[in-house]
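Protein sequences appear in the order of chains L and S.
Position 61 (the first sequence) corresponds to 61 in the working numbering; numbering is contiguous.
If you want the working numbering, it's the position in the second sequence, counting the first as 1, plus 396.
Where a beta carbon is used, it is the ideal one built from N, C-alpha and C, also for glycine.
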Amino acid sequence: MPSLGADMEAGTLVEWLVKPGDRVKRGDIVAVVETQKGAIEIEIFEAGQIERILVALDTKVPVGMPLARIRTDEEVKGGAAAVAAPPPPIVPAPAVREVPRPAAPATLARPTIVTAPSARRVRASPAARRLAQTLGVDLGATGGSGRGGAIVRADVERNLAGVAAAAEKRRSVGLDLDAMRAAIAAAMARSKREIPHYYLTHQVDVGTCEDWLARTNAQRTPDKRLLLGALTLKAVALTARRFPAVNGFYRDGQYEPASAVHAGVAIAIRGGGLAAPAIHDADQLALDDLMARMRDLVQRMRAGRIRSSEIADATITVSSLGERGVEALYGVIYPPQVAIVGIGKVVERPWVIDGAIGPRPVVTVTLAADHRVSDGHAGALFLTEIGKLLQEPEKL
Amino acid sequence: MTETDIRAVLQEELGNIAPEVDLQKVDPSADLREALDIDSMDFLNFVTAIHHRLGVDIPELDYPKLVTIDGAVCYLETRLGPTKS
Chain L
1 MPSLGADMEA GTLVEWLVKP GDRVKRGDIV AVVETQKGAI EIEIFEAGQI ERILVALDTK
61 VPVGMPLARI RTDEEVKGGA AAVAAPPPPI VPAPAVREVP RPAAPATLAR PTIVTAPSAR
121 RVRASPAARR LAQTLGVDLG ATGGSGRGGA IVRADVERNL AGVAAAAEKR RSVGLDLDAM
181 RAAIAAAMAR SKREIPHYYL THQVDVGTCE DWLARTNAQR TPDKRLLLGA LTLKAVALTA
241 RRFPAVNGFY RDGQYEPASA VHAGVAIAIR GGGLAAPAIH DADQLALDDL MARMRDLVQR
301 MRAGRIRSSE IADATITVSS LGERGVEALY GVIYPPQVAI VGIGKVVERP WVIDGAIGPR
361 PVVTVTLAAD HRVSDGHAGA LFLTEIGKLL QEPEKL
Chain S
397 MTETDIRAVL QEELGNIAPE VDLQKVDPSA DLREALDIDS MDFLNFVTAI HHRLGVDIPE
457 LDYPKLVTID GAVCYLETRL GPTKS
């Protein structure tokens, strides 16, 4: 069960999309899990063959517990010589099916934890040990890829990636808005408790963008049209790549800049609720592709269908109020991220150009950033750069 | 295509965009963006769906004519030409 957010402790497995014997590849969707954030599609990180399903439907499972066992391609190739490379261990997962459902409040049976036999000395990094202990994994049977065969954190994580593949299947799962509210409350309270936010605001003339969009869209059928939101998202993503201090994670007292820009797009859910699934490598996508991804995300979000990797790994968040919003928004950073960019609605304002006043469409772009990682000066340069990029939409 | 047909298509496509809204209760002269709480992305999806369903390519300049259900019916009737009966 992957962690789909700092506040997640468990998830309920509601659908398997693979069965033993199925072949899977990295990125395949193998199961659907219900969490406080709604139904989330679980993707697999390894290629191989599903060997065994470990968790029955409708079972509530704590984060870190294996859901299925996968035989990786390497293991399959190893075949009979498997003695040298023992299969990765699994945490025994007694089927903790919650029966009977209606009456008693379901309690979660803790899985038995396997601990490494104390007699055997295993070479492992402290991070790997900590993770293995938290997750109840037997380090002794984990293959090490570190120096001298030492087990590193990645080995433990790889071991846990047990899950599998399949065709995407439509399924309507109602979002639990109360649970989502509780998740937002937990994340935002933590943010305001731990993150020293600072705020900056910058007004940007988007007249050039609007003219360019009108010209471009006039040539296109509705399915190919672009929105200002795609231009602003691309501008933020491109700028974030050049300002590592706003794009990354602050964890365990340390800042880790991210190597890619995964832009979390805040999407309001009617009836109250909010999610910010990520568009991966938003800075690398062509504008048309970025727009297509945004449309897809909004539609899947409305249908209650997001993927695990989209929920877990945004490196920076962008929140746009849209035409029914107000001029400016001061965001609350989603931990462990370190910045959130707010895009207000477009308003007509008197603007001075070459000494003359005229009406221009203006957008207020704001930044809320983590003062443990960056300062106002860097934040100001970041916002200024976004404004500059929006003066040349054809280059985005 | 009759006015009733057009209205049915609009209801269906709006239902896809805002599934949680009871469209029967929406005033056909109300601004859809407010009545359904839809944003520019939803509206673009609505226009795209109409294009696919009815073959009417609605230019951006005509968007203001589609912000109410009555307005959209009227606009589409004109664009689709006289009703064959």
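If you draw a straight line from the alpha carbon of residue 34 of chain L to that of residue 12 of chain L, how long is it in whole angstroms? As a first step, residue 34 of chain L must be located in the first sequence, where it is residue number 34. As a first step, residue 12 of chain L must be located in the first sequence, where it is residue number 12. The alpha-carbon atoms of residue 34 of chain L and residue 12 of chain L are separated by roughly 5 Å.
Using 8 Å as the Cβ pair cut-off and three pairs as the minimum, do the stretch 447 to 455 of chain S and the stretch 219 to 235 of chain L touch? yes
For the candidate residues L/249, L/270, L/45, L/392, whose alpha-carbon lies nearest to that of residue 261 of chain L? Indexing the first sequence from 1 puts residue 261 of chain L at position 261. Comparing Cα-Cα distances from residue 261 of chain L to each of L/249, L/270, L/45, L/392, the minimum goes to L/249.
With a Cβ-Cβ cutoff of 7 Å, do residue 279 of chain L and residue 263 of chain L count as a contact? Here residue 279 of chain L corresponds to residue number 279 of the first sequence, with the count starting at 1. Here residue 263 of chain L corresponds to residue number 263 of the first sequence, with the count starting at 1. Contact flag set, yes.
In terms of residue numbering, what span does the beta strand (DSSP E) encompassing residue 72 of chain L cover? Translated into the one-based positions of the first sequence, residue 72 of chain L becomes position 72. Looking at the DSSP string, the run of the beta strand (DSSP E) that includes residue 72 of chain L is 68 to 72.
Once you ignore the five residues that flank residue 62 of chain L on each side, which residues in its own chain have a CB closer than 6 Å to its CB? Counting from 1 along the first sequence, the entry for residue 62 of chain L is found at position 62. The residues are 10.
So which residues on chain L does residue 475 of chain S lean against when the C-beta distance must stay under 9 Å? Along the second sequence, one-based indexing puts residue 475 of chain S at 79. In chain order: nothing, as chain L lies at least about 14 Å away.
When the distance is taken between beta carbons, is residue 373 of chain L closer than 7 Å to residue 398 of chain L? Limits of chain L in this structure are 1 at one end and 396 at the other, which puts residue 398 of chain L out of reach.
Using DSSP bridges, identify the partner residues of residue 395 of chain L. The count along the first sequence starts at 1 and reaches residue 395 of chain L at position 395. In DSSP, residue 395 of chain L forms no bridge with anything.
Considering only residues of the stretch 223 to 260 of chain L, which uninterrupted beta strand (DSSP E) runs meet the minimum length of 3 residues and lie entirely inside it, listed in chain order? 248 to 251, 254 to 257
Ordered along the chain, which non-local residues of its own chain (more than five positions away) have a Cβ less than 8 Å from that of residue 72 of chain L? Taking the first sequence and counting its residues from 1, the one referred to as residue 72 of chain L is at position 72. So the qualifying residues of the chain are 46, 47, 48.
In whole angstroms, give me the CA-to-CA distance for residue 282 of chain L and residue 192 of chain L. Within the first sequence, residue 282 of chain L is the residue found at index 282, counting from 1. Within the first sequence, residue 192 of chain L is the residue found at index 192, counting from 1. Using only the alpha carbons, I get a separation of about 27 Å.
Using a C-beta cutoff of 7 Å, does residue 221 of chain L count as contacting chain S? Translated into the one-based positions of the first sequence, residue 221 of chain L becomes position 221. Taking Cβ atoms only, chain S reaches closer than 7 Å to residue 221 of chain L, which makes this a yes.
Where does residue 43 of chain L land, buried or exposed, given buried means 16+ other C-beta within 10 angstroms? Taking the first residue of the first sequence as position 1, residue 43 of chain L is located at position 43. That one is buried.
Helix, strand or coil for residue 205 of chain L per DSSP? To locate residue 205 of chain L, count along the first sequence from 1; it is residue 205. Three-state DSSP puts residue 205 of chain L in a strand.
So, is the C-beta of residue 227 of chain L closer than 7 Å to a C-beta in chain S? In the first sequence, residue 227 of chain L corresponds to position 227, counting from 1. With 7 Å as the cut-off, residue 227 of chain L counts as an interface residue toward chain S.
Starting from residue 34 of chain L and walking both ways along the alpha helix (DSSP H), at which residues does that stretch end? As a working note, residue 34 of chain L is residue 34 in the first sequence. That residue, residue 34 of chain L, is in no alpha helix (DSSP H); its beta strand (DSSP E) goes 29 to 35.
For residue 301 of chain L and residue 440 of chain S, what's the separation of their Cα atoms in angstroms? On the first sequence, residue 301 of chain L is found 301 positions in, with the first residue counted as 1. On the second sequence, residue 440 of chain S is found 44 positions in, with the first residue counted as 1. Residue 301 of chain L and residue 440 of chain S: Cα-Cα distance of roughly 16 Å.
Three-state secondary structure assigned by DSSP to residue 334 of chain L: Residue 334 of chain L sits at position 334 when you count from the first residue of the first sequence. It is coil, neither helix nor strand.
So, for residue 481 of chain S: in the same chain, excluding its five sequence neighbours on each side, which residues have a beta-carbon less than 6 Å away from its beta-carbon? As a position in the second sequence, residue 481 of chain S is number 85, starting the count at 1. In this predicted model, residue 481 of chain S has a pLDDT of only 47, less than 50, meaning its place in the structure is not dependable enough to derive any value.
Can you tell me the Cα-Cα spacing of residue 367 of chain L and residue 243 of chain L, whole angstroms? In the first sequence, counting from the first residue as 1, residue 367 of chain L sits at position 367. In the first sequence, counting from the first residue as 1, residue 243 of chain L sits at position 243. Rounded to whole angstroms, residue 367 of chain L to residue 243 of chain L spans 13 Å at the Cα level.
What are the residues in the stretch 311 to 337 of chain L lying within 8 Å of chain S by C-beta distance? 322, 323, 324
Mapping DSSP to helix, strand and coil, what is residue 3 of chain L? As a position in the first sequence, residue 3 of chain L is number 3, starting the count at 1. Coil at residue 3 of chain L, not helix or strand.
Taking just the CA atoms, how far does residue 317 of chain L sit from residue 183 of chain L? Translated into the one-based positions of the first sequence, residue 183 of chain L becomes position 183. Translated into the one-based positions of the first sequence, residue 317 of chain L becomes position 317. Going by the C-alpha atoms only, they are around 17 Å apart.
Determine the direct distance from the alpha carbon of residue 290 of chain L to that of residue 230 of chain L, and round the result to whole angstroms. Indexing the first sequence from 1 puts residue 230 of chain L at position 230. Indexing the first sequence from 1 puts residue 290 of chain L at position 290. Roughly 7 Å between the two C-alpha positions.
Between residue 371 of chain L and the rest of its own chain, which residues show a CB-CB distance below 6 Å, the 5 nearest in sequence each way excluded? Counting from one through the first sequence, the residue named residue 371 of chain L turns up at place 371. 196, 198, listed in sequence order.
Within its chain, find whatever has a CB closer than 7 Å to the CB of residue 226 of chain L; leave out the 5 residues flanking it on each side and keep chain order. One-based indexing of the first sequence puts residue 226 of chain L at position 226. Excluding its 5 nearest sequence neighbours in each direction, residue 226 of chain L has C-beta neighbours in its own chain below 7 Å: 213, 216, 217, 287, 291, listed in chain order.
Same chain only: Cβ atoms within 7 Å of residue 467 of chain S, ignoring 5 sequence neighbours per side: The residue you call residue 467 of chain S lines up with position 71 of the second sequence. Taken in chain order, the residues that qualify are 461.
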